[in-house]
Amino acid sequence: MKEVLQAASHVHQILLQHLTDKAFVLGPSPSALSRINNEYRFQVLVKYKSEPALIDALRYLDDYYHEMFIKKKLALKIDINPHMMM
Numbered sequence: 001m002k003e004v005l006q007a008a009s010h011v012h013q014i015l016l017q018h019l020t021d022k023a024f025v026l027g028p029s030p031s032a033l034s035r036i037n038n039e040y041r042f043q044v045l046v047k048y049k050s051e052p053a054l055i056d057a058l059r060y061l062d063d064y065y066h067e068m069f070i071k072k073k074l075a076l077k078i079d080i081n082p083h084m085m086m
């Protein structure tokens with residue numbers, strides 16, 4: 001669990017570095033179902049109206065965690081405009 005929380009904190013920091021002050025980065029916080037099949041889950045939420053750097057930041061995170069999945073089995077799932085926060 002510690003490694004997953006560190007990864008979620010890393011995602012939070014990367015988003016803070018890449019996004020403008022108009023975006024709010026919330027979390028990391030445990031997901032509503034924080035553990036499924038012995039896998040821990042955290043979420044980071046970005047609230048924004050207009051954020052030009054968001055796509056580039058998400059691409060960076062997607063590339064980085066693709067490598068981390070291969071090395072450490074850490075996965076990142078990005079949901080743009082989620083219908084439910086569960």
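Residue 15 in the UniProt record's numbering sits at position 15 of the sequence shown, with consecutive numbering throughout. No residue lacks a Cβ here, since even glycine has one placed at the ideal position from N, Cα and C.
- In the structure shown, residue 48 adopts coil according to DSSP, grouped into three states.
- In the pairwise beta carbon analysis, the region 32 to 44 is classified as touching the region 3 to 10: at least three pairs are separated by under 8 Å.
- Between residue 75 and residue 65, the beta carbon gap of about 7 Å places them in contact (Cβ cut-off 8 Å).
- Unbroken beta strand (DSSP E) runs of no fewer than 3 residues, entirely contained in the region 5 to 52, are found at 24 to 36, 39 to 47, following chain order.
- Contact between residue 22 and residue 48 holds, since their C-beta atoms are separated by about 6 Å, short of 8 Å.
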